[in-house]
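Read in the numbering used here, the sequence shown has 697 at position 83, and its numbers run on one by one without any break.
Yeah, the Cβ is synthetic: ideal placement off N, Cα and C, and Gly gets one too.
Below is one structure, written out as structure tokens; comments come after it.
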Amino acid sequence: MPEVRKTVTVVFTDVAGSTALGEQLDPESLRRVLSRYFEEMRAVVERHGGTVEKFIGDAVMAVFGIPVLHEDDALRAVRAAVEMRGALATLNEELEQDWGARLQIRTGVNTGEVMAGDFSAGQAMVTGDAVNVAARLEQAAGPDEILIGEETHRFVRHAIRVEPVEPLDLKGKARRVSAFRLIEVSSGAPAFLRRLDSPLVGRDDEVDVLRTAFDGAASGPVCRVVTVVGEAGMGKSRLVNELIDGLGDRATVLQGRCLPYGEGLTFWPVAEAVKSAAGVDEADSPDEAISRIRELLEGVEDANLILDRVSAAIGLAPAGGSDIRETFWAVRRLLESLATDRPIVFVIDDIHWAEPALLDLIQYLQGFSTGHPLLLVCTARPEVREARPDWGTSGQVISLGPLSNEGSETLIENLLGRAGLAGEVRDRITQAAEGNPLFVEEMLRMLIDEGLLARDDGHWVPQGDISKAAVPGTIQALLSARLDRLGSEERTVIQGASVVGKVFYWGAVVELSPEEQRSAVGGHLQTLLRKELIIPDRSSFAGEDAFRFSHILIRDAAYESTPKQARAGLHEGFARWLQRVAGDRITEYEEIVGHHLEQAHRYRKELGPLDERGRDLAQEAARWLASSGRRAFARSDMAAAAHLFERAAALMPADDLSRLEMLVDLTMALRDSGRLDRGIAVLDEVEEAASATSNERLAAHAALVRFRIRLMTDPEVKLDDLLAQAEHAVTVFERVGDERGLARAWNLIAWAHGYRGRAAPREKALERAFEHARRAGDRQEEIESLSNMTSPVAYGPVEASKGLQRLEE
């Protein structure tokens, strides 16, 4: 077994009063007594499926979860601890008769994440804080007392009786540690508490809601939004697929998914849907992809404008500085044009990972799309309500709860092709699944993988004692147990894939594998396919086969089992692979490249002092994230821009000039995304740095942004002060050739003149602002100057007409 991260339960047991016993017995007699004791303790541990890692003097250290994880390792450990105490009582009768001696033990039990070494190679088995805490709990216990840690108690509290103890001051721990005194373990208690208190019977009602929503959208015709909300594994995707399968050719189905990382990928689901509708092949260049999208819009009014805005939003063309409302408008018009012939069903998966702007888009479509049959079906975990508490108030929400036992039994029949299943096996699976469809599926797969279920004459029958099968209590425990049964090379493959994400690529996994194992990757992928841990998926790259994990939590379990040092290398390796294969499409993936380099740096930093390589990774990640932020800023996606700029800034040295300059843009993004207090705090940092370094240019930028904020918050702003500051900034920026700064300064000067009703100087200032912004390539300032020209109140109808004309150009 190679090194791996695992959640295990550690048991430390020590003989109390062994020093006095040593004075009482001859050394040879003491050795025989302790050998007999160790023999009994080992038997108990191994009987419960644990492993004795080592004997330390008169102490025993046992680990549950090594070399193989079980879903009920914590319960096995506390049962073993109680049985060890009981076995010692029996042993003491023998020892007292033969040697005139009695033993007392004290025990500590703790559960947590550890690094597990290669047991077969004789390496130290487990290391980590969980081990240290278990040892400290044992030292704090009294004779014949068992103390268990808080995490162990969380796993087994339904099956035990305990007494709380005062939080303990344990050596090496900064804070007091909660613990419990174990009294007894309930006989026959299940591995995990069953929670079937609010079951739902089947999904018929939920399917009817979706079908009714489709019929309403089609007959309206109107736009409707339905969100399917449920915990992971509750069957959200399966429910949506049931709707899609029943539609046949009555609708065009488009699908996209929100990614769990890479903030700034606001319109990724839109990109997937548009490319699918246009038949964009992954071998197509950006120009070819745009051409195919243009074909979708043939004959549509404003086709060129729609094409420009959509292409920019999905990364096929440079961001043009359009207001985000124009992007919303373009996406709506495109979907409406596709819905001309037949209804559109647009499925957006995992919106709990969506950027705020995408959620805004969905609500915009519902409010503004009329006269076209459009159904938006979103899937989400309950966390979506944390980001958007009012989500679903203007649409429908389907909440998925657990299946009833009857529903779970029907699912079993469907999964097994309606072949018969022995009653006791069916009952065990439904109990272990707790109404979660994924639990049902994974329990069946594990039983079949382990050979405990086999097909015999058209029926599935148990092979041996089915009660010995591991009982899953949580998805994480279940999936960790499945993954732990893979061969070492298969684990290497799936761990590399997990770093890529839910969707991954054959070529990437090959590159992330050790060189000597690369030729076997294809075979291992086939094994993972056969075990249904992964399934084929549509690839984003020509010539690259793609796969996806059959559930995101399988990916999570594989990722969490990967040591952080290995994660760092894998994240960097995938970033390099992605940069190479993306080619001229790299702008579509720059957020993802930045994320993986950021993660590579993060894990290096967590594992110890950063070396030069670690610092270089931070700088490189910051460049990618900042670039992503600038693109989001240019398209007015300020929430995404702010988050990306903050992440980039966190990776850069505090006194880095490029960081300080980026903080100016961060301030504006925070202001425009409603986080004004945070923006002011960032601006304070910039002004302090400018003052400390006597950087007049940076100070001028900060001053201009400060005035922009004051115009929003302070009705007593003096225009003379504003004009003086802006004119001083013009002098500074002209001296250093800062075109972007000049655009900002002239825009403020124009605002001040316009407020005083001075149309001519304001128009002249705006012309200068526009020219400087154009030279700087600053789309945000360019669009601001042009937008200001369109105001007939401030400029009069003639100047506004000129502004509109240039804005259209």
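So who's on the other strand from residue i, going by DSSP bridges?
i, result
"C1424", "With the chain represented from 615 up to 1423, any question about residue 1424 goes unanswered, as that position is not in the structure."
"Q718", "A630"
"A1160", "Y1119 and D1151"
"V1011", "T841"
"N724", "V624"
"V677", "V624 and T665"
"L761", "G722 and R795"
"G870", "I962"
"A730", "V618 and V740"
"T1307", "Per DSSP, none; premise fails for T1307."
"L1274", "DSSP output for L1274 lists no bridge partner at all."
"I670", "A673"
"R775", "E798"
"L782", "V791"
"V658", "According to DSSP, which records beta bridges pairwise, V658 is partnered with nothing at all."
Can you give the Cα-Cα distance for residue i and residue j, rounded to whole angstroms?
i, j, result
"D1335", "K889", "52 Å"
"P957", "L949", "10 Å"
"A694", "G1288", "56 Å"
"S812", "Q1010", "Unreliable positioning characterises S812 in this predicted model, as indicated by a pLDDT of 28, which lies under 50. A coordinate reading is not provided."
"Q980", "E685", "45 Å"
"T954", "F1188", "42 Å"
"T621", "H767", "14 Å"
"T1307", "L1271", "10 Å"
"E1471", "S851", "No information on residue 1471 is available, as it lies outside the stretch 615 to 1423 that the chain covers here."
"G1015", "P1076", "30 Å"
"A1095", "I1043", "16 Å"
"Q1140", "N1050", "27 Å"
"F1118", "E764", "37 Å"
"G664", "E798", "19 Å"
"V815", "F1053", "Per-residue confidence for V815 stands at a pLDDT of 37, beneath the threshold of 50, marking its modelled position as unreliable; the derived number appears in the next sentence. Cα to Cα, V815 sits roughly 16 Å from F1053."
"F626", "E660", "15 Å"
"T1106", "R1388", "51 Å"
"L1325", "V914", "42 Å"
"A1283", "I1062", "54 Å"
"G1006", "V998", "10 Å"
"E1204", "L879", "9 Å"
"G1208", "F1163", "23 Å"
"R1386", "A1364", "Looking at the sequence itself, residue 1386 is His, so the reference to Arg does not match. Spanning the two alpha carbons is a distance of roughly 14 Å."
"R1285", "R1322", "10 Å"
"T1281", "L1297", "6 Å"
"A630", "F669", "15 Å"
"M675", "Y651", "14 Å"
Could you name the residues of the same chain whose beta carbon sits closer than 7 Å to that of residue i, not counting the 5 residues immediately before and after it, in chain order?
i, result
"G929", "A885, T1201 and E1202"
"A773", "L689, V799, S800 and A803"
Tell me which same chain residues have a C-beta within less than 6 Å of the C-beta of residue i, skipping the five on either side of it?
i, result
"V682", "D1098"
"E654", "A701 and L705"
"Q1213", "H1185"
"A1236", "A1262, L1265 and M1266"
"R1382", "W1360"
"S649", "none"
"S1013", "V843"
If residue i and residue j are in contact, beta carbons under 8 Å, what's the gap, nearest whole angstrom?
i, j, result
"P781", "R790", "4 Å"
"L1184", "V1113", "4 Å"
"A1343", "L1318", "6 Å"
"D916", "R939", "D916 to R939, Cβ: 15 Å. No contact."
"T623", "A688", "5 Å"
"A1246", "A1255", "4 Å"
"T941", "R619", "Not quite, the Cβ-Cβ distance comes to about 42 Å (not below 8 Å), so this is no contact."
"I731", "E617", "This sequence places Gly at residue 731; Ile is not what is there. With a Cβ gap of about 6 Å, G731 and E617 count as contacting."
"A1338", "A1390", "Going by Cβ atoms, the distance from A1338 to A1390 rounds to 23 Å, so no, they are not a contact pair."
Looking only at its chain, what residues have a beta carbon closer than 8 Å to the beta carbon of residue i, apart from the 5 residues adjacent to it on each side?
i, result
"H662", "F678, R690, A691, R693, A694 and E697"
"P1411", "Only weak support exists for where P1411 lies, its pLDDT of 39 falling under 50; the value from the coordinates is given anyway. Contacts found: none."
"A1160", "V1117, F1118, Y1119, W1120, P1150, D1151, R1152, S1153 and S1154"
"G742", "G726, E727, V728 and M729"
"R825", "L857 and G860"
message = For the pair the segment 819-827 and the segment 969-978, tell me if three or more CB-CB distances fall below 8 Å.
response = no
inquiry  = Can you confirm whether the segment 1209-1219 touches the segment 1227-1247 when touching is taken to mean that 3 or more C-beta pairs between the two stretches lie within less than 8 Å?
reply    = yes
Given 8 Å, three or more beta-carbon pairs between the segment 717-733 and the segment 749-757 = yes
inquiry  = Is it the case that the segment 989-1000 contacts the segment 835-852, given that we only count it when at least three CB pairs across the two stretches are under 8 Å?
reply    = yes
query = How about the segment 995-1006 and the segment 1021-1030: do they share at least three Cβ pairs that are nearer than 8 Å?
reply = Contact between the segment 995-1006 and the segment 1021-1030 is absent: fewer than three C-beta pairs spanning the two stretches fall below 8 Å.
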